[in-house]
Amino acid sequence: MRKLGVVLLMAIAVASCKDKAEKESGDVSTEPATESLSQTNSEDEWTTLFDGTSLDDWEIYQGGDPGAYWKIEDGALVFNPPADRKKGQILDIVSKKEYTNFVLSLEWKISEAGNSGVFWGINDDEKFEKPYHTGMEIQVLDNEKHPDAKNGTTHQAGALYDLVEPSKDATKPVGEWNTCVITIDHNTNKGSSVLNGVEVATFPVGGDELEALLKGSKFEKWEGFAKFKTGKIGLQDHGNVVAFRNIKLKQL
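Counting in the numbering used here, the sequence shown runs from 271 upward without gaps.
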């Protein structure tokens, strides 16, 4: 009996040591760590708004299929203004979903002497005729040949249109792709425009600071301009050929 007792004690001791070694070496299940990793990935998740194959996430402003005017060509979303455009016809496209705080990343390529823009905070109520009646805009432009570039630096590419000028001209030559990253964060009341890796503009996105920025501008008396924290993303029809690709968004 004494020998049996000694054997049992030794077996228990060996099992205990093995269990301890497995825990220290990480060979046992670690479900809490897996859950933590999943949460980290979720926070960093990007949503693709255009992947080069589908326009499912977009519609014409105030409704309509964009496919007749915005074409997918070599993985890019290309707008060719129609020769038979009806008077007053608006062909800007907007996201079907609305967003509040986010980082928006995309590439754009403008035609010679071309003009376009990227909007956010768009409200498509019928009383607002055009996306820019509510949405603020980061300018897309041929700085060399479009006349708007001569109307002040707040009209040049990367600017918060008509409000904050870019710190420098960071554009690539016409015909090349430009990378644009727009951050809108109402929690910190900060927005920024990054063009080809250069932060060219920063600005408030709400509150008294934004009101001060709008004071004296043409937007000051506009009923809905910059009033909607949550709204749609928009790409502008300004009557010129423009292309976009690799459009993705990360919510903050």
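All C-beta atoms, glycine included, are put in the ideal place defined by N, C-alpha and C.
query	result
Beta-carbon separation (whole angstroms), Glu-446 vs Lys-415, contact threshold 8 Å	About 15 Å separates the two Cβ atoms, so there is no contact after all.
Buried or exposed by the 16-neighbour rule on C-beta atoms within 10 Å, applied to Val-298	Note that Val-298 scores 31 on pLDDT, short of 50, meaning its location in the model is unreliable; the coordinates nonetheless yield the value given after this. Classification of Val-298: exposed, given that the 10 Å Cβ count is below 16.
Sequence-distant residues of its chain with Cβ nearer than 6 Å to Val-348 (five each side left out)	Lys-341, Ala-513
Neighbourhood of Ile-330 by C-beta, 7 Å cutoff - its chain only, sequence neighbours within 5 removed	Pro-336, Leu-361, Ile-363
Beta-carbon spacing of Ser-386, Val-410 below 8 Å	yes
Selected residue, minimal CA-CA separation from Gly-428, among Lys-379, Lys-397, Ile-392	Lys-379
Sufficient close CB pairs (3 or more, under 8 Å) joining the stretch 461 to 477 to the stretch 396 to 404	no
Other residues of its chain near Gly-476: CB distance less than 8 Å, five sequence neighbours each side excluded	His-456, Asn-459, Ala-496, Lys-499
Pair within 8 Å by beta-carbon distance, Glu-407 and Tyr-431	yes
Where Asn-448 falls, given that 16 or more other Cβ within 10 Å makes a residue buried	buried
Residue-level contact to chain D via CB, Leu-505, 8 Å cutoff	In the structure shown, chain D does not exist; there is a single protein chain.
Residue span of the alpha helix (DSSP H) that contains Ala-482, given as start and end	477 to 484
Residues sharing a beta bridge with Val-511, DSSP	Paired residue(s): none; Val-511 is not in a bridge.
Burial state of Asn-413, where buried means 16 or more other Cβ atoms lie within 10 Å	buried
Beta-carbon separation (whole angstroms), Phe-389 vs Gln-506, contact threshold 8 Å	7 Å
Option in Pro-352, Asp-326, Asn-350, Asn-371 with minimal Cα separation from Ile-454	Asn-371
Bridge-paired residues (DSSP) for Ser-462	Thr-453, Thr-472
Nearest-angstrom Cα separation, counted from Asn-516 out to Glu-493	33 Å
Buried/exposed call for Asn-510, threshold 16 Cβ in 10 Å	buried
Unbroken beta strand (DSSP E) run spanning Gln-409, endpoints	406 to 411
Which of helix, strand or coil DSSP assigns to Thr-423	helix
Ala-338 beta carbon less than 8 Å from that of Gly-322	no
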